[in-house]
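Colleague:
In full-length UniProt numbering, the protein residues as written are 1 to 239.
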């Protein structure tokens with residue numbers, strides 16, 4: 001993680017490589033990817049996100065360097081000592097948003113395939129199906145819609161972040177809190193539905209429920225206070 005935080009000081013292709021490794025490493029860490037096939041399948045999308053983050057960070061660093069060079073000697077010292085710009089923990093925020101974007105994209109593909117394959121959908125929607133429950137199909141559709149909205153929201157957040165817009169911090173807080181609330185509701189609803197289907201293992205469902213809730217709680221506990229108290233956030237998002 002330390003190498004990720006300091007990658008803004010590196011140059012050229014090394015930045016890009018570190019970003020991609022960060023995304024893949026984080027993705028594997030939270031068990032979003034379970035096979036080499038999935039890594040290969042999503043690698044172009046991961047690379048695209050890495051490239052976008054790379055351009056955002058480098059562009060911000062270049063603008064900051066230009067401002068320092070054009071300032072007077074006294075102003076240079078003040079600029080260097082001032083905590084501002086896309087750096088520090090904001091880099092982790094970008095990576096977290098990127099991982100969330102990748103995961104939502106993956107869920108949209110998975111749920112979309114489930115809905116589009118007639119045989120699979122019949123198992124879910126027909127009373128004699130192996131995976132049938134009256135609410136199982138609607139939950140999959142709701143999850144699909146939710147993740148499509150997440151993709152759009154995260155892209156908007158990344159754009160606002162790159163432009164250093166003043167509205168980004170409050171929108172990010174709204175995003176975190178709303179995601180926590182909706183994720184909690186969906187997690188409990190899914191758990192209650194799937195536990196009534198004999199096909200699913202109870203222990204696996206409990207693990208998935210706890211992991212989902214724990215991730216949402218930790219995300220809010222860390223990032224909501226950060227966006228309220230961070231000096232870097234206050235000094236950076238002023239446009």
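For every residue, glycine included, the Cβ atom is placed at its ideal position computed from N, Cα and C.
If I follow the unbroken alpha helix (DSSP H) through residue 122, where does it start and stop?
Modeller: Indexing the chain shown from 1 puts residue 122 at position 122. Here the alpha helix (DSSP H) through residue 122 covers 118-125.
Colleague: Pairing CB atoms from the region 178-188 with CB atoms from the region 140-156, are three or more of them under 8 Å?
Modeller: Flag = yes, the region 178-188 and the region 140-156 touch.
Colleague: In angstroms, rounded to a whole number, what distance separates the CA positions of residue 199 and residue 180?
Modeller: If you number the chain shown from 1, residue 199 lands on position 199. If you number the chain shown from 1, residue 180 lands on position 180. The alpha-carbon atoms of residue 199 and residue 180 are separated by roughly 28 Å.
Colleague: In angstroms with no decimal places, state the Cα-to-Cα distance between residue 158 and residue 224.
Modeller: The residue you call residue 158 lines up with position 158 of the chain shown. The residue you call residue 224 lines up with position 224 of the chain shown. Roughly 17 Å separates the two Cα atoms.
Colleague: Below 8 Å on the Cβ atoms is my guess for residue 166 versus residue 238; work out the distance and round it to an integer in Å.
Modeller: By one-based count along the chain shown, residue 166 stands at place 166. By one-based count along the chain shown, residue 238 stands at place 238. Confirmed, about 6 Å.
Colleague: Of the choices 129, 124, 146 and 193, whose alpha-carbon is the least far from that of residue 175?
Modeller: To locate residue 175, count along the chain shown from 1; it is residue 175. When each option's Cα is compared against that of residue 175, the closest is 146.
Colleague: Could you tell me the distance, in whole angstroms, from the CA atom of residue 217 to the CA atom of residue 208?
Modeller: The residue you call residue 217 lines up with position 217 of the chain shown. The residue you call residue 208 lines up with position 208 of the chain shown. When rounded, the distance between both Cα atoms is 14 Å.
Colleague: Ignore the nearest five residues each way along the sequence and tell me which others in residue 173's own chain have a CB closer than 6 Å to its CB.
Modeller: One-based indexing of the chain shown puts residue 173 at position 173. These residues qualify, in order along the chain: 224 and 227.
Colleague: Where does residue 162 sit, in a helix, a strand or coil, going by DSSP?
Modeller: Position 162 of the chain shown, counting from 1, holds the residue named residue 162. Residue 162: helix per DSSP, three-state reduction.
Colleague: So, residue 117 versus residue 161, is the Cβ gap smaller than 8 Å?
Modeller: As a first step, residue 117 is located in the chain shown; it is residue number 117 there, counting from the start. As a first step, residue 161 is located in the chain shown; it is residue number 161 there, counting from the start. The answer is no: Cβ separation not under 8 Å.
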